[in-house]
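Chemist: I'd like to ask some things about the structure below.
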Amino acid sequence: MTDQGWVKAGELHEGSKVLNSRKEYEVVESIEYKGYNEIEVYNLIVENYHTFFITELGLMVHNIDCKNATLGQIFKQVGDNISDTKIKGDFEDVIKKLNDIAERNNIEEYIKNFDSRFRGLDPNNLDEIKKIISDTSKDIDNHSSSLFKGTEGVSNPYGLTSKDIPSVRNGEFNKFFNSLTSEELDTIWKDPKLRQTIEDRLRQPGGLHEWHLVSRTPQFKNWNVTAEQIKDLRSLTTDVKFVNPKGVHGGRGSTTAHNELLKIIDSSTDYDTFTRRLNNWANYRLDGGIDSLPKGLQLK
Numbered sequence: 023m024t025d026q027g028w029v030k031a032g033e034l035h036e037g038s039k040v041l042n043s044r045k046e047y048e049v050v051e052s053i054e055y056k057g058y059n060e061i062e063v064y065n066l067i068v069e070n071y072h073t074f075f076i077t078e079l080g081l082m083v084h085n086i087d088c089k090n091a092t093l094g095q096i097f098k099q100v101g102d103n104i105s106d107t108k109i110k111g112d113f114e115d116v117i118k119k120l121n122d123i124a125e126r127n128n129i130e131e132y133i134k135n136f137d138s139r140f141r142g143l144d145p146n147n148l149d150e151i152k153k154i155i156s157d158t159s160k161d162i163d164n165h166s167s168s169l170f171k172g173t174e175g176v177s178n179p180y181g182l183t184s185k186d187i188p189s190v191r192n193g194e195f196n197k198f199f200n201s202l203t204s205e206e207l208d209t210i211w212k213d214p215k216l217r218q219t220i221e222d223r224l225r226q227p228g229g230l231h232e233w234h235l236v237s238r239t240p241q242f243k244n245w246n247v248t249a250e251q252i253k254d255l256r257s258l259t260t261d262v263k264f265v266n267p268k269g270v271h272g273g274r275g276s277t278t279a280h281n282e283l284l285k286i287i288d289s290s291t292d293y294d295t296f297t298r299r300l301n302n303w304a305n306y307r308l309d310g311g312i313d314s315l316p317k318g319l320q321l322k
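Right, here's the structure in full:
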């Protein structure tokens, strides 16, 4: 959760702001309590690592051993087990960037200090893990200026900070976003704080379902999609109802639909291909078919 780290599921409430698996913040709209009967779970052990297959949910959960590993080894284990090629590529880019920083700034001792925090860590001691993550995060913030020499504490070559991103008032953000080249946005997107700010601007106001998924903004920018298109071609979450399987936004079936939309974006070679595939998808996955899409996305 925002500013709180990990919390027990029972402590969540409507309005809680949580971080999802795509590192995006979402607001809890409603909470439903369900009781599950016992289900079969298979524990597959490969090279001393446990992978659990949860049959009823069709879920695969992979655990890595961080008890005696260094941070670098943990990174490698995580990277080796990423199957999605795009995510794997992004992960490898981050590791390369960290390596480049280490070579430029001679921070071996600094990295070793991080490594020592993970050695002997009990993976079941959640309080200890939360404290280490919190301390490490603060240290990175405090040392950011020394890690990026010549950039005065910012991690992008343009010297931008979140304060430099215009607000949505009077269309100022739209003008800023549309003036960026695809290459400039790609560079800015690598700065987590700038990315978060841009994502927040594109999602204002809330309560709307994105068809141009904000997490894939650089791809849409590459297709010359404007900020107005990303923001205006959205739907009220209450109007989005899925079929095959049946579900609503934020409820059952929503995650499946979201992952399908990601695949459509990632596998499309251009914007025309994306809109055509989106319409085909809508015909069998939306209650109302393509008529449930914003008019600007409908192909008839």
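Residue numbers (this note's numbering): 23 to 322. Built from N, CA and C at the ideal position, the CB exists for glycine as well.
1) Where does the unbroken alpha helix (DSSP H) through residue 201 begin, and where does it stop?
2) Could you check what DSSP says for residue 50 in three-state terms: helix, strand or coil?
3) To the nearest angstrom, how far is it from the Cα of residue 195 to the Cα of residue 219?
4) If we call anything under 8 Å between Cβ atoms a contact, is residue 224 one with residue 257?
5) Taking the alpha helix (DSSP H) that residue 282 belongs to, which residues open and close that run?
6) Determine the closest residue to residue 297 out of 236, 270, 242, 199, with distance taken between C-alpha atoms.
7) Do you know whose CA, among 180, 313, 185, 306, lies nearest residue 207's CA?
8) For the alpha helix (DSSP H) containing residue 299, list its first residue and its last residue.
9) Leaving aside the five residues before and after residue 314 along the sequence, list all residues of the same chain whose C-beta is less than 6 Å from its C-beta, in chain order.
10) Between residue 46 and residue 232, which are expected to be in contact by the criterion C-beta below 8 Å, what is the C-beta distance as a whole number of angstroms?
11) Identify, in the order they occur along the chain, each residue of the same chain with its Cβ nearer than 8 Å to the Cβ of residue 239, setting aside the five sequence neighbours on each side.
12) Kindly indicate which three-state DSSP category residue 206 falls into: helix, strand or coil?
13) Around the C-beta of residue 321, are 16 or more other C-beta atoms found within 10 angstroms, so that it is buried, or is it exposed?
14) Give the secondary structure of residue 236 by DSSP, where H, G and I count as helix, E and B as strand, and everything else as coil.
Modeler: Concretely, from the data shown:
1) Note, residue 201: alpha helix (DSSP H), 194-201.
2) coil
3) 11 Å
4) no
5) 276-289
6) For the set 236, 270, 242, 199, the Cα lying nearest the Cα of residue 297 is the one of 242.
7) Comparing Cα-Cα distances from residue 207 to each of 180, 313, 185, 306, the minimum goes to 180.
8) Note, residue 299: alpha helix (DSSP H), 293-307.
9) 308.
10) Contact doesn't hold; Cβ gap of about 10 Å is too wide.
11) Counting only Cβ-Cβ distances below 8 Å, and skipping sequence neighbours, we find 207, 211, 220, 221, 224, 252.
12) helix
13) Taking all protein chains in view, the Cβ of residue 321 is surrounded by fewer than 16 other Cβ atoms within 10 Å, so the residue is classified as exposed.
14) helix
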